[in-house]
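A.B. asks: Protein sequence lines, in the order shown, are assigned to chains H and U. Each residue of the first sequence is one higher than the last, beginning at 89 in our numbering. Each residue of the second sequence is one higher than the last, beginning at 1438 in our numbering. Yeah, the Cβ is synthetic: ideal placement off N, Cα and C, and Gly gets one too. Bear in mind that the values here come from a model prediction, so they are computed numbers and not experimental data. Mind having a look at this structure? Questions to follow.
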Amino acid sequence: NAGVTQTPKFQVLKTGQSMTLQCAQDMNHEYMSWYRQDPGMGLRLIHYSVGAGITDQGEVPNGYNVSRSTTEDFPLRLLSAAPSQTSVYFCASTGRPYEQYFGPGTRLTVT
Amino acid sequence: AQKITQTQPGMFVQEKEAVTLDCTYDTSDQSYGLFWYKQPSSGEMIFLIYQGSYDEQNATEGRYSLNFQKARKSANLVISASQLGDSAMYFCAMEDNQGGKLIFGQGTELSVKP
């Protein structure tokens, strides 16, 4: 039982490049979400999914796309990276009762 | 709109003493959950404690307890017998009544002095 895994751990992109942050969980949780954490701040919700095929926007969705084709995977796509997207990205998976499991994070730098 | 406020950017505590980290929240929901997370310098988010809005007893987990005052909309974290390893950022968060989505405060940086 690996919990929530994220890849890569670190990434450097140039402005305008695209990439996908991977997130997977092996706990059969329906609910998954993506957060970003900027320096000196708490986490902010980007997108979330309540099950395969269902996604919705969080607080800061602009510049990011998600899809959920399986229960296990919830990738986050940056279509055209911008310096403002430099951040640490956390994926989370929610069980019950109200248990949130966070991945280890991906540190992204956009130059 | 839901909101979490942590008014202490940084706190110092002497080793072996107790410390209280403040958290107030705002919501119009009747059903919600409150969390505390620890984030050490290594960056991972570590779950500490959870309090449901309908729980009558304050939550406790080892050295951690949550002082839940519903009428005042506060959910303070109490750490007893502080240890050097408790030095970290601490985040208060609220989950809405639909479950899953968390709203975080800005965090409190705790430093434990030997």
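Residues in its own chain within less than 6 Å of P163(H) by CB, not counting five upstream and five downstream?
C.D. replies: For this step, residue 163(H) is matched to residue 75 along the first sequence. Result list for P163(H): T108 and Q110, in chain order.
A.B. asks: Restricting to Cα atoms, I'd like to know which of A1508(U), G1544(U) and P1551(U) is closest to P127(H).
C.D. replies: Within the first sequence, the letter at position 39 stands for residue 127(H). Residue G1544(U) is the option with its Cα nearest to P127(H).
A.B. asks: So, does the CB of K1453(U) fall closer than 8 Å to a CB anywhere in chain H?
C.D. replies: Here the question's residue 1453(U) lines up with position 16 in the second sequence. No, K1453(U) lies away from the interface with chain H (no Cβ there is under 8 Å from its Cβ).
A.B. asks: Exposed or buried, N258(H), counting other C-beta atoms within 10 Å across all chains shown (16 or more means buried)?
C.D. replies: Given that chain H is displayed from residue 89 to residue 199, the structure contains no residue 258(H) and the question cannot be resolved.
A.B. asks: Just the Cα atoms here: how many angstroms apart are F1484(U) and V1450(U)?
C.D. replies: To locate residue 1484(U), count along the second sequence from 1; it is residue 47. To locate residue 1450(U), count along the second sequence from 1; it is residue 13. When rounded, the distance between both Cα atoms is 21 Å.
A.B. asks: Give me the Cα-Cα distance between P192(H) and S1479(U), rounded to the nearest whole angstrom.
C.D. replies: The count along the first sequence starts at 1 and reaches residue 192(H) at position 104. The count along the second sequence starts at 1 and reaches residue 1479(U) at position 42. Distance between the alpha carbons of P192(H) and S1479(U): 9 Å.
A.B. asks: Taking only beta-carbon positions, decide if S121(H) is within less than 8 Å of chain U.
C.D. replies: Counting from 1 along the first sequence, the entry for residue 121(H) is found at position 33. So yes, S121(H) belongs to the interface.
A.B. asks: Can you name the residues of chain H whose CB is closer than 7 Å to the CB of M1482(U)?
C.D. replies: Position 45 of the second sequence, counted from the first residue, corresponds to residue 1482(U). For M1482(U), the residues of chain H that pass the 7 Å Cβ criterion are F178 and F190, in the order they occur in the chain.
A.B. asks: Can you tell me where the beta strand (DSSP E) with T1444(U) in it begins and where it stops?
C.D. replies: Working through the second sequence from its first residue, we reach residue 1444(U) at position 7. Segment: none, T1444(U) is in no beta strand (DSSP E) and carries neither H nor E.
A.B. asks: Per the contact definition of three or more C-beta pairs closer than 8 Å, is the region 1461–1478 of chain U in contact with the region 1516–1526 of chain U?
C.D. replies: yes
A.B. asks: Using beta-carbon positions only, say whether S106(H) and A169(H) come within less than 8 Å of one another.
C.D. replies: The residue given as residue 106(H) occupies position 18 in the first sequence. The residue given as residue 169(H) occupies position 81 in the first sequence. Their beta carbons are under 8 Å apart, which means S106(H) touches A169(H) by this criterion.
A.B. asks: Along chain U, in chain order, which residues have C-beta atoms closer than 9 Å to that of L164(H)?
C.D. replies: Numbered from 1 along the first sequence, position 76 holds the residue referred to as residue 164(H). Within chain U, no residue comes near L164(H); the closest Cβ sits about 16 Å away, beyond 9 Å.
A.B. asks: Return the residue from the list Q1443(U), V1456(U), K1550(U) and D1533(U) that minimises the CA-CA distance to G1489(U).
C.D. replies: Within the second sequence, residue 1489(U) is the residue found at index 52, counting from 1. When each option's Cα is compared against that of G1489(U), the closest is D1533(U).
A.B. asks: Taking only runs of the beta strand (DSSP E) that begin and end inside the region 134–177 of chain H, which ones reach a length of at least 3 residues, in chain order?
C.D. replies: 142–145, 152–154 and 164–166
A.B. asks: Spell out the partners DSSP gives Y123(H) in its beta bridges.
C.D. replies: If you number the first sequence from 1, residue 123(H) lands on position 35. Bridge partners of Y123(H): L133(H) and F178(H).
A.B. asks: The region 124–142 of chain H: which residues have C-beta closer than 8 Å to a C-beta of chain U, in chain order?
C.D. replies: Hits within the stretch, in order: G128, M129, G130, L131, R132, L133, Y136 and V138.
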